[in-house]
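Each residue of the sequence shown is one higher than the last, beginning at 1 in UniProt numbering. Down below is the structure, laid out as structure tokens.
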Amino acid sequence: MERMILTPRLACIAALIPRGARLADIGTDHGKLPVSLLLSGRVAAAIGSDIRQGPLDHAARNAAEHGVALPLRLAAGLEAVRPEECDTVSIAGMGGQTIADILAAAPWTGDGEHLLLLQPMTMVYELRQWFWAHGYMIECETVCREERRYYVVLSVRGGGPVRVVPLSSCAFSPALLQAAGARDYLEKLLQREIRALEGMQSGSAVDRAVLDGQREIVRVIKQAWEELA
Ligand SMILES: C[S@@+](CC[C@H](N)C(=O)[O-])C[C@H]1O[C@@H](n2cnc3c(N)ncnc32)[C@H](O)[C@@H]1O
1 MERMILTPRL ACIAALIPRG ARLADIGTDH GKLPVSLLLS GRVAAAIGSD
51 IRQGPLDHAA RNAAEHGVAL PLRLAAGLEA VRPEECDTVS IAGMGGQTIA
101 DILAAAPWTG DGEHLLLLQP MTMVYELRQW FWAHGYMIEC ETVCREERRY
151 YVVLSVRGGG PVRVVPLSSC AFSPALLQAA GARDYLEKLL QREIRALEGM
201 QSGSAVDRAV LDGQREIVRV IKQAWEELA
């Protein structure tokens, strides 16, 4: 059977999935991630779930073409997945707020028994802040690059301490600093945050607290970037 080629972003997520996992892929869309993992034998079983029928039809075609069994569920978030059906959950290609909403609506994801592999497209700082505020520990972060864009993939588990952390300390986690490519990623992030600061400084009516918060974000990232040299 023909192998399924994953994009660098999806390949990065696939590499973090434990061998023999029972995976629930939420927002599966084309189903390429679970189909590829089933084909390679890396996972013992996988479920694909999506909020829309069109993507599920696409996933069903991909699974059939590659001859793998991929049960599909039509539902929002984890509504159609029972905790005992999986030990690993992946949610990729969605906004950070949507990812947090999906986890909040399925409190069993915080039980420490499930590994969560999450690849947010936006609001990454806010998502880290949410994890720490809700007892989810960031065990590992990896950085991948697809064309000109960088993505982070977070490997997260519940059952940790609750920590209230200011947003300026959520631009990266200690785990991200260990990742290959962390320095390049931080450099790009620093450039982006400096541009945002300059934009604020040239504006007329920017709140003082917002400006101070942005300065602090730039300072924290710059320090971490320099220390990685
Ligand atoms: C951009 S695609 C990402 C597909 C794939 N996970 C990837 O990373 O390549 C986002 C998918 O998530 C689905 N989706 C969006 N919100 C969702 C939700 N709350 N619950 C389940 N699926 C959702 C969309 O229908 C779409 O198929």
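Using N, Cα and C, we set each Cβ at its ideal position, and we do this for glycine too.
Roughly how many angstroms separate the alpha carbons of Gly-199 and Leu-117, rounded to a whole number?
The sequence position of residue 199 within the sequence shown is 199, counting from 1. The sequence position of residue 117 within the sequence shown is 117, counting from 1. C-alpha separation (whole angstroms): 34 Å.
Report the option in Gln-97, Leu-78, Leu-127 and Val-124 whose CA atom is closest to the CA atom of Ala-106.
For the purposes of this step, residue 106 is taken as the residue at position 106 of the sequence shown. Of Gln-97, Leu-78, Leu-127 and Val-124, the residue nearest in Cα terms is Leu-78.
Would you give the residue range spanned by the alpha helix (DSSP H) that Thr-142 belongs to?
Counting from 1 along the sequence shown, the entry for residue 142 is found at position 142. No alpha helix (DSSP H) holds Thr-142; the beta strand (DSSP E) holding it covers 137-146.
At a threshold of 7 Å, does Ala-171 count as lining ligand 1 (C-beta to nearest heavy atom)?
Reading the sequence shown from its first residue, position 171 is the one you call residue 171. False, no ligand heavy atom lies under 7 Å from that Cβ.
Less than 7 Å between the CB of Pro-8 and some heavy atom of ligand 1, yes or no?
Numbered from 1 along the sequence shown, position 8 holds the residue referred to as residue 8. No, the Cβ of Pro-8 stays beyond 7 Å of every heavy atom of ligand 1.
Assuming Val-89 and His-58 are in contact, meaning their beta carbons sit under 8 Å apart, how far apart are those beta carbons, in whole angstroms?
By one-based count along the sequence shown, residue 89 stands at place 89. By one-based count along the sequence shown, residue 58 stands at place 58. The pair is not a contact, with the Cβ atoms about 21 Å apart (cut-off 8 Å).
Best match in Arg-192, Glu-227, Arg-145 and Ala-15 for proximity to Arg-215 [C-alpha to C-alpha]
Mapped onto the sequence shown, residue 215 falls at position 215. Of the candidates Arg-192, Glu-227, Arg-145 and Ala-15, the residue whose Cα lies closest to the Cα of Arg-215 is Arg-192.
Closest Cα partner of Ala-80 within the set Ala-92, Asp-50 and Leu-186:
Position 80 of the sequence shown, counted from the start, is the residue given in the question as residue 80. For the residues Ala-92, Asp-50 and Leu-186, the minimum Cα distance to Ala-80 belongs to Asp-50.
Length of the line joining the Cα atoms of Ala-92 and Val-206
What you label residue 92 is simply residue 92 of the sequence shown in a count that begins at 1. What you label residue 206 is simply residue 206 of the sequence shown in a count that begins at 1. Roughly 34 Å between the two C-alpha positions.
Any idea which residues DSSP pairs Pro-120 with across the strands?
The residue you call residue 120 lines up with position 120 of the sequence shown. DSSP output for Pro-120 lists Met-94 as bridge partner(s).
When we look at the beta-carbon of Ser-36 and count the other beta-carbons within 10 Å, is it buried (16 or more) or exposed?
Numbered from 1 along the sequence shown, position 36 holds the residue referred to as residue 36. By the 10 Å Cβ count, Ser-36 comes out buried.
Quick check: what's the CA-CA separation for Ala-60 versus Ile-194?
As a working note, residue 60 is residue 60 in the sequence shown. As a working note, residue 194 is residue 194 in the sequence shown. Distance between the alpha carbons of Ala-60 and Ile-194 is about 45 Å.
Quick one: Cα of Ala-229 to Cα of Ala-175, how far?
One-based indexing of the sequence shown puts residue 229 at position 229. One-based indexing of the sequence shown puts residue 175 at position 175. Going from the Cα of Ala-229 to the Cα of Ala-175 covers about 17 Å.
With distances taken between CB atoms, is the gap from Leu-103 to His-66 smaller than 8 Å?
Reading the sequence shown from its first residue, position 103 is the one you call residue 103. Reading the sequence shown from its first residue, position 66 is the one you call residue 66. Cβ distance not < 8 Å, so Leu-103 and His-66 don't count as in contact.
Who are the Cβ neighbours of Asp-25 in its own chain at under 6 Å, not counting the five residues just before and after it?
In the sequence shown, residue 25 corresponds to position 25, counting from 1. Taken in chain order, the residues that qualify are Leu-33, Pro-34, Gly-48 and Ser-90.
Taking 7 Å as the cut-off, is the C-beta of Ser-49 nearer than that to any heavy atom in ligand 1?
Position 49 of the sequence shown holds residue 49. Look at Ser-49: its beta carbon is less than 7 Å from one of the heavy atoms in ligand 1.
Between Arg-22, Arg-163 and Glu-141, which has its C-alpha nearest Glu-84's C-alpha?
Along the sequence shown, read from residue 1 onward, the residue named residue 84 stands at position 84. Closest option to Glu-84, Cα to Cα, is Arg-22.
At a cut-off of 7 Å, is Ala-92 close to ligand 1 when judged by its beta-carbon and the heavy atoms of the ligand?
As a first step, residue 92 is located in the sequence shown; it is residue number 92 there, counting from the start. At least one heavy atom of ligand 1 is nearer than 7 Å to the Cβ of Ala-92, so yes.
Between Arg-73 and Arg-52, what straight-line distance do the alpha-carbon atoms span, to the nearest angstrom?
Here residue 73 is taken as the residue at index 73 of the sequence shown, counted from 1. Here residue 52 is taken as the residue at index 52 of the sequence shown, counted from 1. Roughly 10 Å separates the two Cα atoms.
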